[in-house]
Ligand code: C2E
Ligand code: CA
Ligand code: CA
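In this note's numbering, the protein residues as written are 16 to 547.
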């Protein structure tokens with residue numbers, strides 16, 4: 016059996032665990048959601064950057080295409096005629112540095128230099144000659160060493176004649192390839208196996224930091240791609256996470272607190288009692304009351320037992336005080352009364368058979384007990400003698416004597432339980448007119464051992480006799496106690512010497528066995544039920 020403290024502690028521990036788990040889960044979830052959304056934002060930013068860059072360069076190259084046919088028709092025309100037109104076209108196409116005409120594998124006319132004689136092989140790779148090509152290269156004539164993007168359009172199938180347009184990629188790259196740290200630390204234009212990064216020369220290596228993640232997007236129309244690199248959307252989102260911590264902490268604390276409030280009822284022992292009542296986990300036991308002289312059973316006291324599937328057996332000494340404290344004792348007593356009536360068949364149908372039911376003083380308030388008895392007991396009309404046991408530890412002075420009078424009128428007896436242990440004055444004995452005093456088991460236990468307490472036992476017995484109140488001794492465990500009490504005129508005995516509390520369904524069998532003629536031993540009566 017467990018104590019109230021250990022059970023309550025268990026509930027509190029469970030509640031704390033649940034609330035901490037809720038808070039922790041909220042924290043993890045909030046941070047997780049923030050991380051994922053930030054990572055998606057970063058991913059979108061990278062995608063936007065690359066597609067915007069690809070689109071910008073696509074637009075530059077598309078604008079060149081619009082003039083292509085006109086320029087191709089000029090291939091073969093003498094340079095002194097073509098030169099001015101080439102200059103004009105280069106001026107119109109603002110992104111172009113120069114335009115040149117090629118005949119028989121030689122650059123013979125340039126928009127910048129006029130007539131020239133430069134072999135194509137000097138600025139175009141051989142494999143690119145027979146078909147249109149885009150080449151990233153380095154300027155060797157005008158702005159020496161600066162990057163250029165050459166667009167080559169052949170006009171003859173052998174690739175000996177055609178037009179060359181030199182795009183001012185140095186300027187364009189400064190506009191479209193500028194990194195956006197910390198997310199995008201590097202942006203590279205890649206044409207064939209040549210690369211150009213922001214503010215640098217053309218190189219034939221891509222060399223991207225191996226620790227970085229990179230993302231590449233190719234142009235759908237032209238043979239180039241843009242590669243961007245950086246710490247990666249996930250890592251950036253992770254770095255950003257500490258800034259989200261205060262908000263996430265606040266949210267998790269709030270949810271933990273809400274969980275604490277929400278579980279106040281559900282995860283308490285009082286909730287468990289209500290659940291136990293609803294699930295009918297509380298079982299009625301009864302303990303026989305024995306006539307001190309004849310040793311015959313003259314009644315029972317109904318005692319509650321709780322077989323809690325989660326906690327095991329819980330003693331009434333644990334759950335009754337808690338039920339009293341949390342206003343659950345009235346529904347609990349209603350359950351006891353209703354169950355007793357339902358199983359009344361196990362008891363002898365005799366008006367001299369006593370059935371004692373424990374009732375808390377608070378149940379007397381506003382005549383609730385009377386209403387409950389009318390509804391549950393009197394309506395069923397059992398013939399047995401009902402005794403209401405009221406514990407002295409309860410506030411007996413609060414008990415309305417008019418209700419006691421009404422109970423008496425209806426034939427219900429009133430017993431004062433655990434008599435001698437309370438601290439109330441004796442004046443209420445006169446006020447309440449109890450029919451029975453139940454001598455507490457501590458006084459019974461003192462018989463023959465504890466001088467002071469056994470004196471108190473004698474005084475209680477004398478008091479009961481003087482006031483003409485029936486006496487019941489609880490906790491009779493030995494033959495010596497039984498003899499003493501009988502000799503001193505106590506009428507009724509209850510204790511392990513006769514029987515331990517038993518489930519109601521076992522009572523008829525016990526009664527049948529104990530009603531057989533009492534065994535005689537050396538002329539003395541032997542207890543009906545041996546001490547188990
Ligand atoms: P109580 O009303 O004084 O009940 C007598 C208690 O003494 C019972 O404990 C019983 O098992 C125990 N007892 C009986 N004979 C002996 C004996 O020879 N030796 C010893 N050491 N003990 C004996 P139990 O059943 O554990 O109940 C404890 C208390 O819980 C009861 O004391 C009563 O105050 C309360 N209780 C039990 N059932 C109910 C109920 O249905 N309603 C209310 N309000 N209180 C109840
Ligand atoms: Ca009792
Ligand atoms: Ca008692």
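Cβ coordinates follow ideal geometry from the N, Cα and C atoms, glycine included.
Note that the coordinates shown come from a computational prediction; the quantities given were computed from them, not determined experimentally.
- request: Indicate whether residue 512 and residue 485 have their beta-carbon atoms separated by less than 9 Å.
  value: Going by C-beta atoms, residue 512 is not nearer than 9 Å to residue 485.
message: Please report the straight-line C-alpha distance between residue 20 and residue 272, rounded to a whole angstrom.
response: 24 Å
query: To the nearest angstrom, how far is it from the Cα of residue 159 to the Cα of residue 91?
result: Rounded to the nearest angstrom, the gap between the Cα atoms of residue 159 and residue 91 is 28 Å.
task: Determine the closest residue to residue 169 out of 119, 420 and 446, with distance taken between C-alpha atoms.
output: 119
task: Please confirm whether residue 163 and residue 133 have their CB atoms less than 9 Å apart.
output: No, Cβ-Cβ distance for residue 163 and residue 133 is not below 9 Å.
message: Would residue 57 and residue 251 be called neighbours here (beta carbons separated by less than 9 Å)?
response: The answer is yes: Cβ separation under 9 Å.
- request: Please specify which runs of the beta strand (DSSP E), each continuous and at least 3 residues long, are wholly inside the stretch 33-102, giving them in chain order.
  value: none
task: Enumerate, from N- to C-terminal direction, the unbroken beta strand (DSSP E) stretches of 3 or more residues contained entirely within the stretch 106-179.
output: 111-118, 121-125, 129-134, 148-153 and 162-169
- prompt: Terminal residues of the continuous alpha helix (DSSP H) containing residue 228?
  reply: In this chain, residue 228 is not harboured by any alpha helix (DSSP H); it is covered by the beta strand (DSSP E) spanning 228-233.
- request: Helix, strand or coil for residue 205, going by three-state DSSP, please let me know.
  value: strand
query: Per DSSP, which one or two residues make a beta bridge with residue 274?
result: According to DSSP, which records beta bridges pairwise, residue 274 is partnered with nothing at all.
query: residue 489: beta carbon under 8 Å from a heavy atom of ligand 3?
result: yes
query: Can residue 274 and residue 38 be called in contact, C-beta distance under 9 Å?
result: yes
- request: With a cut-off of 8 Å on the beta carbons, I'd call residue 454 and residue 487 a contact; round off their distance for me.
  value: 7 Å
- request: Would you mind stating whether residue 116 and residue 89 have Cβ atoms separated by less than 9 Å?
  value: yes
query: Cβ of residue 456 within 8 Å of any heavy atom in ligand 3?
result: Residue 456 Cβ: within cutoff of ligand 3.
message: Is it buried or exposed, residue 332, if we count other Cβ atoms within 10 angstroms and call 16 or more buried?
response: exposed
- prompt: Quick one: what's got a C-beta closer than 7 Å to residue 105's C-beta in the same chain, skipping five residues either side?
  reply: 111, 113, 114 and 126
- prompt: If you measure from the CB of residue 428, is any heavy atom of ligand 3 nearer than 8 Å?
  reply: no
field: In DSSP terms, what residue 517 is bridged to
entry: Within the DSSP secondary-structure output, residue 517 pairs in a beta bridge with 301.
message: With a threshold of 8 Å (Cβ to nearest heavy atom), would residue 435 be considered close to ligand 1?
response: no
- request: Could you say which of 445, 428, 452 and 329 lies nearest to residue 435 if we only look at CA atoms?
  value: 452
- prompt: Going by alpha carbons, who is nearest to residue 414 out of 390, 245 and 384?
  reply: 384
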